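Trainee: Quick note: the sequence shown uses my numbering, first residue 216, plus one each step. Backbone N, C-alpha and C define an ideal beta-carbon position, used for all residues, glycine too. Keep in mind the model is a prediction, meaning the values are calculated, not measured. Quick one: the structure is below, and I'll ask about it shortly.
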Amino acid sequence: MKVGCQLIVFGAQVRGDPESVLGEVAAAGYDGYVAIEYEGKEDEATGVPASTEYMKKVLAAL
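See below:
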């Protein structure tokens with residue numbers, strides 16, 4: 216299964232709806248990996264960990 220969801224994080228502002236997209240995927244029975252691609256304006260050394268922590272919070276709430 217491959218599902219895409221573009222998430223854009225600007226500080227605390229999030230554009231996109233990863234909660235409902237990942238909720239639908241989880242409801243369909245998927246319990247595998249989630250890949251993150253980072254293309255932000257921040258340096259990767261700060262942007263990738265911030266994106267990872269955000270997604271961990273989203274996934275933990277499912």
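Any idea if L237 is buried or exposed, counting beta-carbon neighbours within 10 angstroms, 16 or more meaning buried?
Mentor: Position 22 of the sequence shown, counted from the start, is the residue given in the question as residue 237. Flag for L237 reads buried.
Trainee: Do you know how far the Cα of D246 is from the Cα of G231?
Mentor: On the sequence shown, residue 231 is found 16 positions in, with the first residue counted as 1. On the sequence shown, residue 246 is found 31 positions in, with the first residue counted as 1. Approximately 21 Å between the Cα atoms of the pair.
Trainee: Excluding the 5 residues preceding and the 5 following S266 in the sequence, name in chain order all residues of the same chain whose CB lies nearer than 6 Å to its CB.
Mentor: On the sequence shown, position 51 is the one that residue 266 refers to. Result list for S266: I251 and Y253, in chain order.
Trainee: Less than 8 Å separating the beta-carbons of V263 and P233?
Mentor: In the sequence shown, counting from the first residue as 1, residue 263 sits at position 48. In the sequence shown, counting from the first residue as 1, residue 233 sits at position 18. No, these two residues do not count as a Cβ contact at 8 Å.
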